[in-house]
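Using my numbering, the first residue of the sequence shown is number 125, and each one after it goes up by one.
In this text, a Cβ means the ideal position worked out from N, Cα and C, and glycines have one as well.
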Amino acid sequence: MRILIMGGTRFIGVYLTKILVEQGHDVVLFNRGKKPSPIEEIQQIHGDRSDPTQLKEKLTNESFDAVTITMDENSATHSH
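#1: Would DSSP call Ile193 helix, strand or coil?
#2: Are the beta-carbon atoms belonging to Ala190 and Ile129 less than 7 Å from one another?
#3: In this structure, does DSSP put Phe154 in helix, strand or coil?
#4: What is the rounded straight-line gap between the Cα of Thr133 and the Cα of Ser174?
#5: Any idea if Leu141 is buried or exposed, counting beta-carbon neighbours within 10 angstroms, 16 or more meaning buried?
#6: Does DSSP put Ile166 in a helix, a strand or coil?
#7: Determine the closest residue to Asn155 out of Gly137, Glu146, Gly148, with distance taken between C-alpha atoms.
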């Protein structure tokens, strides 16, 4: 399966990313690019999920079998 993870570089997203890759899934991360990917070889799309224009621009030509959001509400607009 091709799976989009919104986030994927912190907390539960790191573990979820690793598990899905180990199971053979094609994982893509969508995040702001402020933290390194937990696995270097996977595709990352950088953008702000709170910006509808960016979401449309970055994801229009992509297709996924599943999408999961591992970011909290504050992480989309605030840096910790």
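According to the data block:
#1: strand
#2: no
#3: strand
#4: 17 Å
#5: Looking at the sequence itself, residue 141 is Thr, so the reference to Leu does not match. Flag for Thr141 reads buried.
#6: coil
#7: Gly137
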